[in-house]
Structures are given as C-alpha cells and as structure tokens.
Amino acid sequence: NFNTKSDTEVLLALYSIYKEKMLVKLKGMFSFIIWDKIEKISFVARDAYGIKPLYIGKLNNGLLLSSQVSSIIASGLVNVKKCKEGTKGFAMLGSVPEPFTWYENIKSLKAGHYLIIRNNKIECEKEWFNISNIWINSFNKHRAIIPENILKLKVRDLLLESVSRHLIADVPVGVFLSGGIDSGVLSALMVECGARDITGITISYDEFEGKDKDESSRAKLLADSYGINHHVRVVKKKEFLEDLPIIMRNMDQPTVD
Numbered sequence: 071n072f073n074t075k076s077d078t079e080v081l082l083a084l085y086s087i088y089k090e091k092m093l094v095k096l097k098g099m100f101s102f103i104i105w106d107k108i109e110k111i112s113f114v115a116r117d118a119y120g121i122k123p124l125y126i127g128k129l130n131n132g133l134l135l136s137s138q139v140s141s142i143i144a145s146g147l148v149n150v151k152k153c154k155e156g157t158k159g160f161a162m163l164g165s166v167p168e169p170f171t172w173y174e175n176i177k178s179l180k181a182g183h184y185l186i187i188r189n190n191k192i193e194c195e196k197e198w199f200n201i202s203n204i205w206i207n208s209f210n211k212h213r214a215i216i217p218e219n220i221l222k223l224k225v226r227d228l229l230l231e232s233v234s235r236h237l238i239a240d241v242p243v244g245v246f247l248s249g250g251i252d253s254g255v256l257s258a259l260m261v262e263c264g265a266r267d268i269t270g271i272t273i274s275y276d277e278f279e280g281k282d283k284d285e286s287s288r289a290k291l292l293a294d295s296y297g298i299n300h301h302v303r304v305v306k307k308k309e310f311l312e313d314l315p316i317i318m319r320n321m322d323q324p325t326v327d
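In short: position in the sequence shown from 1, add 70, done, that's our numbering.
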C-alpha cells in the first residue's frame, strides 16, 4: 500500500523486500543511496548504463557521496590532487574514463554496480549488470541470420515498448526535436502510444538561419505532422560566449565535446 505516487517510495518498498535483488526489477536511469537503519548499512546503486552519475570522495575517516564532483570538492574535505589515470584517459579518449575522475581521491561508481557501506567503509562492490555479457550471450544465442522484415518488426516493437515506459513520469514529458530521423521516430511513437499535448523544443542558431544546417524548419514539419506544441529557442553567439564560463563551471568532467 503506497501513500504517494512518487517513484522514490517504490524504490524503498522494493528494497525492504528484495534488498540488492531489487535492481534487476528496475527499468530506466537512476542513482540512489538508501540508509538501512536496521542493518546499519548504506546501499548505493547506479543504473545499468551509468546514465545517472554517482561519485565517491574518500576521506581519512569516511566517504562523501554525491551526484556531482563539484559538491564533493566544495565540502573542502577531499584532497584535490589530480588523478594521473583520469588525465591520461582524457588525453587519449577526449573524456575521463570511469571509474576515474579528474581527482585522485574521487571515483565514480561504475555503471551497473552497487556498493554496501558499513562503518564508513566500502564493505563490498558488486556488478549487477554487464552490457558486454548481454551482447555476447545474445550473439551466441542468435547466430542464424534474422530476415530483415522480422528484424524491422522486432526493433519497432522494442522501441514502442521503451517509449511507452518513458511516458510514465511524475512530470510532463517532452521531446528534444531536431529535424532528424531519431527524434522524428520518437515523436511518432509517442503519438502512437497515446501521448497528447506533447511539447517539442528545438535549438536554433542565428548564424545558420536560412542555411541547410538550420534544423528548425525540418523540426517544424515534424511538429506539424504530429500535432506537437513546437518551441524554437534561438541561441546567439553573444549569449553562448557569456554562458560558456557557467557551462564549464558546472561540468564535473572535461570533455572535447
């Protein structure tokens, strides 16, 4: 029996019954920490693909956990010595490879992993999902060539199921609408799933106005086709340059993007 319509309450109910086995029952992106006052442990988990971040700062007498590196640093409790592996990884890949961060004493909880913390120490870290294993097992299981018409139907059904699940939310759901195939397909599937009053947002740049790189006109065609409430946000060079320091300041990890 639930008292609210919040997904957070569902997480707590699942944990109370299944403990760490709850994770395989979840679909979607998440990172969370549950304090188990009976066992006196913290249960820390991150989604299968690592879409949601979760960082761990190591102290002399404990740990700091947060969804942002910047908040751990702001505590003033963690040594901000640079991480050699993180900086080397960035130089090679253009982004910092997990579990490393830009700082030696801050690590990321890996995708598809969970932690048990007891007495301010990590008691165990375990993997509950591995996309590589899923891929390899699937390949070995389906070595026969699947006819293209069957494959198309299968992909379509899976996309429809995924979009349908994502429409279940505590807040309104919109679509980031470019003029491309991906967002066009998602828009069509949203409508097919019964979504109404969809808001679509397109980013446009004044330097591309009237040129092929301007996606807003193609996005408008998609929006009109599916009855989407379309909003175009024009970003100008001056605004971008003014916002750039703020953007950089709010990024936890450097990236060549």
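Ideal Cβ positions, reconstructed from N, Cα and C, are used throughout, including at glycine.
As the structure is a computational prediction, the values presented were derived from the model and not from experiment.
DSSP places Y119 in no beta strand (DSSP E); its state is neither H nor E.
Under the three-state reduction of DSSP output, G132 falls in the coil class, being neither helix nor strand. Within the DSSP secondary-structure output, I192 pairs in a beta bridge with I187.
A Cβ-Cβ distance of about 22 Å is found for the pair S232 and A289, leaving them out of contact under the 8 Å criterion.
Ranked by Cα distance from D284, the first of D294, A265, W172, V305 is V305. Judged by pairs of C-beta atoms under 8 Å, the stretch 192–206 touches the stretch 177–184, as three or more such pairs exist. Looking at the backbone, the Cα of S137 and that of N175 are separated by about 15 Å. Taken atom to atom, the span from the alpha-carbon of G132 to that of E109 is near 18 Å. Under a 10 Å Cβ-count criterion, D313 is classified as exposed, with fewer than 16 other Cβ atoms of the shown protein chains found around its own Cβ.
Between V302 and T272, the C-beta spacing is below 8 Å. Between L124 and L135, the C-beta gap is smaller than 8 Å, which places the two residues in contact. Distances from the CA of A239 to each of L221, N73, D77 were compared; the closest alpha carbon is that of D77. Excluding its 5 nearest sequence neighbours in each direction, I143 has C-beta neighbours in its own chain below 7 Å: V150, listed in chain order.
DSSP, read as helix, strand or coil, puts R303 in strand. W105 sits in a strand when the DSSP states are folded into three classes.
For T157, the enclosing alpha helix (DSSP H) covers residues 154–163. Beta-bridge analysis with DSSP links T325 to S165. Sequence-distant partners of V243 (beyond 5 residues in either direction) whose C-beta falls short of 6 Å from its own C-beta, in its chain, are L237. As the crow flies, the alpha-carbon of S165 is around 15 Å from that of I121. Rounded to the nearest whole angstrom, the C-alpha separation of P169 and I298 is 40 Å.
DSSP, reduced to helix, strand and coil, places E262 within a helical segment of the structure shown.
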